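Participant: Pasting in a structure now, in structure tokens, and then I'll have a few things to ask.
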Amino acid sequence: MNPRAKSFASAPKQSLRLSLLLGFSILLSTTSLAQITRGSLSGNVSDPTGAMLPNANVQLRNPANGEEIQTMTNAEGEFNLPSLAIGNYALTVEATGFKRFVIQSVVIEVATAARLTVMLAIGEISEAVTVSNVQELVNTSSPTLNNIVERRQIVDLPLSSRNPIELVRLQAGVTGTGTGASNAAGLRGATTNVTRDGINVMDNFVKTANFNTLTSPTVEATGEFSVSVGTVSSDAGRGVGQVRIVTPSGTNQFHGGVFWYHRNSVLNANSFINNSTKTPRPFSLQNRVGLIANGPLYLPKPLFGPASYDGRNRSFWFFSMEAFRQPFTAIRTRTVLTPEARAGSFRYTGANGQMQTVNVLNLGINKAYNPIIKPLIDSTPLPNNSLIGDGLNTVGYTFGAKALSIVDRWSGRFDQVLLEQSRIGTHRLEFVFHRTPSSLTPDTGNAIDAPFPDGVDGINAIQATATAAAIHSTFGTHIANEIRFGHQRTPYSFGPEKEPTQPFFIGLPLITNPINAVRNNTRNTTVYHWQDHLSWVRSAHTIRLGAETQSITYHNFSDDGIIPTVSLGTNPANPDGILNTMFPSLPAGAAGQTIANRARSMYALLTGNLSSARQTFNVTSPTSGFVPGAGSQYPIRQREVNLYAMDQWRVRRNFTLNAGLRWEWLGVPKMLNGLTLLPVNGIAGLYGISGAGNLFNPGVIKGTAPTLLDFAGEDKGRPYYNNDWNNFAPYFGFAFSPRAEKGLLRKIFGGEGKTSVRGGYSISYTRDGLSVHRAALTSNPGLTSTILYNTPTGVLTAAGVPVAVPVFKTPISDAENFQRNTASSMDTYDPKLRTPYVQQWSFGIEREIVGKIAIEVRYVGNHAIKLYRAFDINEGNIFENGFLQEFLNAQKNLAANRGATFAPGAAGTVPLPIFSTLFAGLPAASGFANSTFINNLNLNNIGSTALSIRLSPLYAANLARLAPNFFAANPNVNQAVVIANGASSNYHSLQVEARRRFSNGLLMQASYTFSKALTDTEGSTSDFEAFRTIRNLRLDRHRADYDQPHTFISNFIYELPVGKGRSFWSGGPWLWRKALEGWQTQGIVSWHSGFPTFATSGRTTFNDYSTLNPAQLSGISFADFKQNSGVFKTPQGVFFINPGLLNITTAANGTLQSATLKDGLLGAPAPGTFGNFPRNAMNSPSFFQMDAGILKRTKVAERATVEFRAEFFNVFNTVNFGSGSLAFDSVRFGQITGGFSSRFGQLALRVNW
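Residue 95 is where the sequence shown starts when you use the working numbering, and the numbers rise one by one after that.
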């Protein structure tokens, strides 16, 4: 036995000193075991009769780093090692009178409890019974639905981005398409939690994208990871979908490798849509290179002398690096002046059909070419095409903007044995570092690249880093502790590559501005994460205690608008002096006016004639007022504390109970600079003059107006909402392994540990991203003001146009804000806002069958409660005020007047007292003959009609003659938004899963999920979604947008049985053996139902909102309509709807011009109603994809291999379509114009040693 091995058996009882030390560490601890990066091992030892053996010696050794752990079985023959680093161990069991039992390979996996059953044979201890490996296939310890993505899958399965997180989609209960995961267990994105080396590494600002990490892991830097999607135990917090990633550690031997992954257009297939339109295959080029190295810390004596050090068994390091480069070209077409126009010559086609030319510099008041504008125009290139512009004065310039996407991913880890066999235990240090800098230069994705070649580019970049440090300790026989601290920092910048030198920007008419006016926008989300967890084995109990604290801060900065922008043109105070009569042979009517207006714009451009100036001003502190040149900053911090205790009680050797309780406190966020304005009277202020809760009662005044907005926060005595202290999350579950020695039951259940029946129930509290709070805390107007000065005179000079600094005022009323901008809204929190949570449950049976395959059938369900939802309480009213009948009468009048006006008075019309009041004293073009109102009448858009009247200053005076809350409860705001616990969801599923761990050259995993997810809102970055109507909240219940009723996914790795040491062709010449050795194939196959969809109307027939208003079924039943959905390929294109239901028109060359629904099938809902087409009751086309690869590993030296692989994603180039537009009046109804990715491939070369 290694004398340095830990000896749990010989350790003395805990001293008072040790107790105090442990107690102190628990008090200071700050994490839950949700972040556990280690596993555990338990088991029992028996004699040949099945009697349990107490006091048997159990020794576990990790050959990679020399770590040895020793314990003894208790009186019941049980042993338990509660905290083990992931890895491959050798187990030895010894007892007097029995042969020594050796298992050469016991795999310990992240956050997983391994279980062994050992039976000793009678004999001398000097004799040994050796087993090569033992892998537990059936979970007999825990009800948690946890799966391990093992190292072999990470390394060998095809990954399009080489980010192992892609493999989350392999787990049952996870939905998605292509190579990415979407949602877990029918829940929104905020219910997932991803940790890396125990530390929160999610994008904690935007959490709508499931499993998204900013310090994205690589294949080389991921040892393995676990995925939990149901019945989450008390040691896991912040969500239901739990992903725990662990960075590999170094070993006692030096290992390394280099690799190159390459992708280009030749390996790719063109898409079906591109082929149908004869569009060439898009250009693609990607390269990934990197290296990996690890080993012991070794400083040889010849080089380091007295400082030499042999770190084997004590000090280990790991390092990996990957560099990604993707060059590409974005085609840009800009508008420039023709050479003639640059000199002032304006050309147009006269009424006589002849070309006319006028020099605009000779027409207006100012006849000089502006000296500031001329260099700008001269900096623009001459045209090279006529794709855009009028073809006479403005034309096109097309060029390729070359861009480069860069992502570098660095990872490192260092492990050190601090103390071993000391009186205060054994202690090991772990330190991990990850860095992921990335950039897109220029940022063509957001269209902020230079307007022209050699101009100033806009770029975006992120410098994400994450670090973690931990001390793993063991005390005595059965106590293990881990204390961990971590930090993540993710600064993101978006802005110009260099700052502008001019004091103002210029808004140019007619042409593309050569000045890139993009401004700096940055955000940085930092995480400080401190945690501790303790494992204590006592008899048949494994007790875990943990605590955690986390602080997340989001810091946003923006200087949008703080540099003044001077726009060129005219205004009433600064006319140009140009008359239409100055243009010879000017066509009459609108055509001539368009020509004259274009000439005036060209004149303003060349002379620098001023139109307006605008500038944005921001407040920097509650007492600063508006500060010229200062950007906006919103630093938001949120803290949390979590505690838990749980017990795994092995009641009998085949029956385990799990129980725990978790307490979580998610603090109220804090605006660190104090810049938050909220209504002084909270939710009541949202209702304004109507009074709290008083909706749809025009003329009933129970509140006060106006509502005041003032600084809020705990330090102001006005907290945003109350702290939520009672978040207790229970956990209960069992695992039962039926035992049968013989007979029919043994055939059904197998031997011990071959079958497991398990089930459980738990609650998990969830975390939304800080983007939700940013929307609530920064939306109210008053801290930013954009001033428009619309009467400057003269022409542009170097002085620009000064904009006066506005006066800052607090408190400020909603009425004042509404007067400045009628689109302004008002937001606040429900003071009783609570932390959302998910109730989850599962029950299943798992059975190991032949071929080392385990099959599990389980029911999994959950119910998410008190999810965040921001919604508008200021819903438009058309019923109690009589406006619905008024609108219907107006439609009748419009018909009687043959569509020209809806005014009363003519034959067949009826009086319209509401409209007559609103339009009194206004011209017909603003009232009964207004084209917008007439269009709304034709479209049944009663909600849009009421909203436009309510928000337009033109009707304000007449609207005051009606009740102040005639159209809405609060007339002083557009929307009155409250963030509350206004959402929920349900999920039910049947899951069938088969697993075969890698053995004898084969790994296999497959699952099928039949499920249904219902919700009333899917969540978003702000969690805002207006109710279809507050009058009936149940109308929002629907199948979730991410619901997929049927999902099948499988993955496999298969080593071909040819070559040296294999079943076939293992002999022959050396070259023959090398050619055949090391061949392997691997792949991922996925099929699932399409996502939900439905036919929409886009009409505001009930209130202001149109997004969720379905179409009206009229001449067809829903069943028949659904029956006519699918994928229909025609010469005119691909359709989601049977072309027999469509009117399809084509051009002379056969290309599609329009595809509309035949009359009478679907229509707009009637005013005052919603459409009856069921929301999300249809599915878009189903999805199938197979990703496959083949690789060859060739051994070139004792410890070196060369590996070549080819991987293809969507290898069969299966065409997976979307559903097309289902807006009932679309001119391309149901036409499918896009889909998922066509086949693309990559080649790779690796050298490993």
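Glycine residues also receive a C-beta, built at the ideal position from the N, C-alpha and C atoms. Quantities reported herein were computed from a predicted structural model and do not represent experimental measurements.
Whole angstroms is fine: what's the gap from Ala994's alpha carbon to Leu988's?
Facilitator: Counted from its first residue, the sequence shown places residue 994 at position 900. Counted from its first residue, the sequence shown places residue 988 at position 894. Those two C-alpha atoms are separated by around 7 Å.
Participant: So, are the CB atoms of Glu980 and Phe1009 less than 8 Å apart?
Facilitator: Locating residue 980 in the sequence shown gives position 886, where the first residue counts as 1. Locating residue 1009 in the sequence shown gives position 915, where the first residue counts as 1. Yes. Within cutoff.
Participant: Restricting to Cα atoms, I'd like to know which of Glu260, Asn971, Thr885, Phe822 is closest to Asn668.
Facilitator: For the purposes of this step, residue 668 is taken as the residue at position 574 of the sequence shown. With distances taken between Cα atoms, Asn668 lies closest to Thr885.
Participant: Have a look at the DSSP bridge pairing and note the partners of Met1280.
Facilitator: Taking the sequence shown and counting its residues from 1, the one referred to as residue 1280 is at position 1186. Val1179.
Participant: Just to confirm my understanding: we take Ser1208, look at its own chain, exclude 5 residues before and 5 after, and list those with CB closer than 8 Å. What are they?
Facilitator: Against the sequence shown, residue 1208 aligns to sequence position 1114. For Ser1208, where only same-chain residues beyond five positions count, the Cβ hits under 8 Å are Gly1254, Leu1255, Leu1256, Gly1257.
Participant: Could you tell me the boundaries of the beta strand (DSSP E) in which Val901 lies?
Facilitator: Translated into positions along the sequence shown, residue 901 becomes position 807. That residue, Val901, is in no beta strand (DSSP E); it is neither H nor E in DSSP.
Participant: Using beta-carbon positions only, say whether Gln210 and Asp141 come within less than 8 Å of one another.
Facilitator: To locate residue 210, count along the sequence shown from 1; it is residue 116. To locate residue 141, count along the sequence shown from 1; it is residue 47. As written in the sequence, residue 210 is Leu, which differs from the Gln given in the question. Contact flag unset, no.
Participant: Within this structure, are the beta carbons of Thr1109 and Ala1134 separated by less than 8 Å?
Facilitator: Reading the sequence shown from its first residue, position 1015 is the one you call residue 1109. Reading the sequence shown from its first residue, position 1040 is the one you call residue 1134. Yes, these two residues count as a Cβ contact at 8 Å.
Participant: Where does Ala189 sit, in a helix, a strand or coil, going by DSSP?
Facilitator: For the purposes of this step, residue 189 is taken as the residue at position 95 of the sequence shown. In this structure, Ala189 counts as coil in the three-state DSSP scheme.
Participant: Which residues does DSSP pair with Leu175 in a beta bridge?
Facilitator: For this step, residue 175 is matched to residue 81 along the sequence shown. Paired residues: Leu135.
Participant: Please classify Glu260: does DSSP put it in a helix, a strand, or coil?
Facilitator: Looking up residue 260 in the sequence shown gives position 166. Helix at Glu260.
Participant: The beta strand (DSSP E) spanning Asn614 covers which residue range?
Facilitator: In the sequence shown, counting from the first residue as 1, residue 614 sits at position 520. That residue, Asn614, is in no beta strand (DSSP E); it is neither H nor E in DSSP.
Participant: Please list, in chain order, all residues of the same chain as Ile947 whose beta carbon is under 8 Å from its beta carbon, the five residues on each side excluded.
Facilitator: On the sequence shown, residue 947 is found 853 positions in, with the first residue counted as 1. Correct list, in chain order: Leu231, Ala1088, Arg1089, Arg1090, Met1098.
Participant: Applying the criterion that 16 or more other CB atoms from any shown protein chain within 10 Å of the CB defines a buried residue, is Trp819 buried or exposed?
Facilitator: Taking the sequence shown and counting its residues from 1, the one referred to as residue 819 is at position 725. Burial call: exposed.
Participant: What distance in whole Å lies between the Cβ atoms of Thr341 and Thr427, which are believed to be in contact at a cut-off of 8 Å?
Facilitator: Here residue 427 is taken as the residue at index 333 of the sequence shown, counted from 1. Here residue 341 is taken as the residue at index 247 of the sequence shown, counted from 1. Thr427 to Thr341, Cβ: 47 Å. No contact.
Participant: Using a Cβ-Cβ cutoff of less than 8 Å, which residues in the same chain neighbour Thr591 once the five nearest sequence positions on both sides are dropped?
Facilitator: Within the sequence shown, residue 591 is the residue found at index 497, counting from 1. Note that residue 591 is Glu in the sequence shown, not Thr. Excluding positions up to five away in sequence, the list reads Thr535, Pro536, Val550, Asp551, Gly552, Ile553.
Participant: Pull up the DSSP beta-bridge partners for Glu910, would you.
Facilitator: For the purposes of this step, residue 910 is identified with residue 816 of the sequence shown, where counting begins at 1. Beta-bridge pairing links Glu910 to no other residue.
Participant: Going along the chain, which residues of its own chain have a beta-carbon closer than 6 Å to the beta-carbon of Ser123, five neighbours each way excluded?
Facilitator: Counting from 1 along the sequence shown, the entry for residue 123 is found at position 29. Any reading at Ser123 must be qualified, since the residue scores a pLDDT of 31, below 50, and its modelled position is unreliable; the value itself is stated next. Cβ neighbours of Ser123 beyond the five flanking positions: Asp626, Ala641.
Participant: Check Asn1066 in the structure and name its three-state DSSP category.
Facilitator: In the sequence shown, the residue the question calls residue 1066 occupies position 972. Asn1066 falls in the coil class under three-state DSSP.
Participant: Looking at the secondary structure, which residues open and close the beta strand (DSSP E) in which Phe412 lies?
Facilitator: Position 318 of the sequence shown, counted from the start, is the residue given in the question as residue 412. Phe412 -> beta strand (DSSP E) spans 409-431.
Participant: Keeping to the same chain, check which residues put their C-beta closer than 8 Å to that of Glu203; ignore five residues upstream and five downstream.
Facilitator: On the sequence shown, position 109 is the one that residue 203 refers to. Correct list, in chain order: Gly133, Ile180, Ile242, Glu244, Glu318, Ser320.
Participant: According to DSSP, is Ala682 helix, strand or coil?
Facilitator: Reading the sequence shown from its first residue, position 588 is the one you call residue 682. Three-state result, Ala682: coil.
Participant: So Phe299 and Gly863 are supposed to be a Cβ contact under 8 Å. How far apart are they, rounded?
Facilitator: One-based indexing of the sequence shown puts residue 299 at position 205. One-based indexing of the sequence shown puts residue 863 at position 769. Sure, about 5 Å apart at Cβ, within 8 Å.
Participant: Can you find the residues in the same chain that come closer than 7 Å, C-beta to C-beta, to Ser1183, ignoring five residues on each side of it along the sequence?
Facilitator: Working through the sequence shown from its first residue, we reach residue 1183 at position 1089. Correct list, in chain order: Gln1138, Pro1139, His1140, Asn1273, Ser1276.
Participant: Measure the Cβ-Cβ separation of Thr798 and Ile783 and say whether it is below 8 Å.
Facilitator: Here residue 798 refers to the residue found at position 704 of the sequence shown. Here residue 783 refers to the residue found at position 689 of the sequence shown. Going by C-beta atoms, Thr798 is nearer than 8 Å to Ile783.
Participant: From which residue to which residue does the beta strand (DSSP E) around Trp757 run?
Facilitator: On the sequence shown, residue 757 is found 663 positions in, with the first residue counted as 1. First-last of the beta strand (DSSP E) with Trp757: 749-760.
Participant: Applying the criterion that 16 or more other CB atoms from any shown protein chain within 10 Å of the CB defines a buried residue, is Met696 buried or exposed?
Facilitator: For the purposes of this step, residue 696 is taken as the residue at position 602 of the sequence shown. Classification of Met696: buried, given that the 10 Å Cβ count is 16 or more.
Participant: What is the C-beta distance between Asn149 and Thr167, in whole angstroms, given that I count them as a contact (C-beta under 8 Å)?
Facilitator: Walking along the sequence shown from the start, residue 149 turns up at place 55. Walking along the sequence shown from the start, residue 167 turns up at place 73. Between Thr167 and Asn149 the Cβ distance is about 6 Å, and since that is below 8 Å, they are a contact.
Participant: Please say whether Leu1041 and Ala984 have beta carbons closer to each other than 8 Å?
Facilitator: Taking the sequence shown and counting its residues from 1, one reaches residue 984 at position 890. Taking the sequence shown and counting its residues from 1, one reaches residue 1041 at position 947. No, these two residues do not count as a Cβ contact at 8 Å.
Participant: May I ask which residues mark the beginning and end of the alpha helix (DSSP H) holding Phe1212?
Facilitator: For the purposes of this step, residue 1212 is identified with residue 1118 of the sequence shown, where counting begins at 1. From DSSP, the alpha helix (DSSP H) with Phe1212 extends over 1212-1217.
Participant: Under three-state DSSP, which class holds Phe366?
Facilitator: The count along the sequence shown starts at 1 and reaches residue 366 at position 272. Helix.
Participant: Helix, strand or coil, according to DSSP, for Gly1254 in the structure here?
Facilitator: The residue given as residue 1254 occupies position 1160 in the sequence shown. The answer is coil: DSSP assigns Gly1254 none of H, G, I, E or B.
Participant: Buried or exposed for Arg747, going by 16 or more other Cβ atoms inside 10 Å?
Facilitator: For the purposes of this step, residue 747 is taken as the residue at position 653 of the sequence shown. It counts as buried.
Participant: Write down the C-beta distance between Tyr648 and Arg868 rounded to the nearest angstrom, noting that I regard them as a contact closer than 8 Å.
Facilitator: Along the sequence shown, one-based indexing puts residue 648 at 554. Along the sequence shown, one-based indexing puts residue 868 at 774. Sure, about 7 Å apart at Cβ, within 8 Å.
Participant: Starting from Ala266 and walking both ways along the beta strand (DSSP E), at which residues does that stretch end?
Facilitator: Your numbering for residue 266 matches position 172 in the sequence shown. First-last for Ala266: undefined, no H or E at that position.
Participant: Rounded to whole angstroms, what is the Cα-Cα separation between Gly292 and Trp759?
Facilitator: For the purposes of this step, residue 292 is taken as the residue at position 198 of the sequence shown. For the purposes of this step, residue 759 is taken as the residue at position 665 of the sequence shown. Near 19 Å, if we compare the C-alpha coordinates of Trp759 and Gly292.
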